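For what it's worth, the numbering used here labels the leading residue of the sequence shown as 4, then goes sequentially.
C-beta atoms are modelled at their ideal positions from N, C-alpha and C, and glycine is treated no differently.
None of the values given here were measured: they were computed from a predicted structure.
This report refers to the structure that appears directly beneath it.
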Amino acid sequence: MELQIHFFRQGHFGQLTPSNIIDYIVPEYQKHPIDDIVPAWMPLDNQNYRLDTSDSGIVHWWNYIAITPSVRGYSSHPTGSRRDWQYLLQLATRDPKESNQLLVKNKALFYIDQFGIGYRENSIASYPKVLLSDPKIMTEGESRRDLAWYKISEDYTSPIVFPNNSAPVLVIGDNEGYKTIIRTISMQNLNTRLLIPINGPTKIDDLSLSDLRIYKAVVLYRFTSGSWTKLERYVENGGLLIINAAEDNNDFKTNLPNIFPFNKINVATIKGRLNLEKKSDSELLNNVNLNNFSPYLYNGPDWKIEYGNIADLRKSATAIITEKNKVFLAENKVGKGRVIWSGLNMPYHTVINENYDESVLFANFFKRAIDAKSLDPNYTITKFEPTDISVETKNTTGILYKENYHSGWQASVNGKAVKALVAGLDFIYVPVPLNLQSQHIKVELSFKGGFDTWGTFFLTVISIIINVFYLVTPKYFAKTFKYLFRIFTKPFGNWLYSE
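Structure, rendered in structure tokens:
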């Protein structure tokens, strides 16, 4: 009781312990109504949006009162890339001090949407003021004790299970390149209602032409080159290919495929500011001020960038950004599709400099792939369990499930297996086959486990059996162990003797 009184006196109601929460939720022990701590408009049974709070005390007791999930857990903290994504969420929403408030707003809304956050408890590590002060974003706001609750408009965030018609965009490259792409598009809030980034292979040789058909755009960044035949056919059939130079890959600087805007690419070393010029009135330059681009300076070393000469430009290509006769951004029309090529390592340069104008240019690359007028389809979730999801919908290109991807997830559309893809912040995307996108469909997603999950389980079972065997029949266990030991060590002993 002293601990509870201490918390109330200090105003740390979020630190209410699970043993105290029975005063609010268990009928025979209830002393206080639940709306003493949670507003009436805050749903406790909405499985399709998450609560975000930075108060570990609230996370400790939240699951006792609600099935509405939270972004963070009290224990079993994420590891690897999933820890990185939560760190980026914190970095974007903990009231950052950047001077460009539009950039602050874009990044915060991007990660809020990615995590499917519909509610916020704001007593610790406040969200940016530019969000909290906007009634279009925060449709509800109310205090309970020392807790501050907000509801985020569904116009600015999408649900955890999200059938959609957003543009699926395949990113080919390594994991660091993929993360950099995500951070770049966050600066313009290219959220899940606009595009779904898919984490693809590192090598272009690992692509399948049939798989490419579902993507509105393909991005190459920090990738391994190979045969360009599949990508050439993808572009000729109407695809959008975005090629970002990242480092000196000499394997394809000369004898370039015809989809490139140039016959060959050159590498230059620079340090400082480029005198960039607009060479055309391309829509890629809409709302872009080249004078605001950051210099190429980073911890001392010179930058390597790529360029093509005006003289090497193909007849089907257009120079967009140049410095004298050097072309740093170009576009090539190939069949029904287009190729956008940039030699400036834009994703990385944009992110480390937090450059708003550079992020505008990069976002413009995707405008041809994004259908801003596309509507979210109607859908019904017929089953919503942690390891089993079932959705019925129509006029849908794919279903995004904002739960951690694992190879043990299995997906089907109308009973036929389809491949679940790694999307967004290492979440799950189920693409709907092209011939079914206009039909009424049933999409099922189930976690069946993989070698790591089942392997650990069977190892545990075997360990238990061995321990029981040892406890029940220790003498027989010792004899059996010695016998097996001799069998398995005999070949080694014979080999050692022969040596």
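| query | result |
| --- | --- |
| L259 and K233 closer than 9 Å at C-beta | no |
| Cβ-based burial, A320 [other Cβ within 10 Å; buried from 16] | buried |
| Cut-off 6 Å between Cβ atoms - residues of its own chain near P72, not counting five sequence neighbours on either side | R53 |
| Inside the region 134-204 only - beta strand (DSSP E) runs reaching at least 3 residues | 141-147, 150-155, 164-167, 170-175, 198-202 |
| Buried/exposed call for S136, threshold 16 Cβ in 10 Å | exposed |
| Check whether I201 and L424 have beta carbons under 9 Å apart | yes |
| Residues near T56 in its chain [Cβ-Cβ closer than 6 Å; skip 5 each side] | E124 |
| Proximity winner among D149, T142, A170, relative to E157 (alpha-carbon distances) | T142 |
| Boundaries of the alpha helix (DSSP H) in which L112 is found, first to last residue | 104-117 |
| Alpha carbon of E388 to alpha carbon of H63, nearest angstrom | 21 Å |
| Residues near N253 by beta carbon distance below 6 Å, same chain, minus five either side | Because N253 sits at a pLDDT of 48, beneath the cut-off of 50, its placement in the model cannot be relied upon, and the point is left open. |
| Under the three-state DSSP convention, the category V435 falls into | coil |
| Bounding residues of the alpha helix (DSSP H) (the contiguous stretch that carries F365) | 359-367 |
| Cβ neighbours of R225 in the same chain (closer than 6 Å, five flanking residues each side left out) | G176, D177, G180, A249 |
| Spatial distance of V330 from F369 (CA atoms) | 20 Å |
| Which listed residue (I24, P264, L173, D98) has its alpha carbon closest to that of L332 | P264 |
| CB contact check: N348 to chain D, cutoff 9 Å | Checking the listed chains, one finds no chain D in this structure; it contains a single protein chain. |
| The region 142-153 touching the region 108-120, judged by at least three CB pairs closer than 8 Å | no |
| Distance between beta carbons of F165 and I444, contact taken as under 8 Å | Contact flag wrong, Cβ pair sits at about 15 Å. |
| Assigned exposure category for F365 - 16 Cβ within 10 Å defines buried | buried |
| I308 vs I273 beta-carbon contact at 9 Å | yes |
| Contacting residues, own chain, Cβ-Cβ under 6 Å from D505 (five flanking each side not counted) | No information on residue 505 is available, as it lies outside the stretch 4 to 502 that the chain covers here. |
| Alpha carbon of V107 to alpha carbon of L134, nearest angstrom | 9 Å |
| C-beta atoms of S362 and Q191 nearer than 9 Å | yes |
| Rounded separation between A314 and N367 - CA only | 26 Å |
| Three-state secondary structure (DSSP) of F460 | helix |
| Inter-residue spacing [alpha-carbon to alpha-carbon] between G311 and L210 | 27 Å |
| Cut-off 8 Å between Cβ atoms - residues of its own chain near E358, not counting five sequence neighbours on either side | It is Asn, not Glu, that sits at residue 358 in the sequence shown. These residues qualify, in order along the chain: N295, F296, S297, H352. |
| Collapsed DSSP secondary structure at A333 in the structure displayed | strand |
| Buried or exposed by the 16-neighbour rule on C-beta atoms within 10 Å, applied to W412 | buried |
| Of the listed residues G458, L287, L198, nearest to K376 (C-alpha basis) | L198 |
| Nearest residue (CA-CA) to G241, options K336, W65, I373 | K336 |
| Alpha-carbon spacing of V354 relative to D26, whole angstroms | 48 Å |
| Buried/exposed call for S102, threshold 16 Cβ in 10 Å | exposed |
| For I392, the nearest candidate out of L448, G418, V433, G346 (CA to CA) | L448 |
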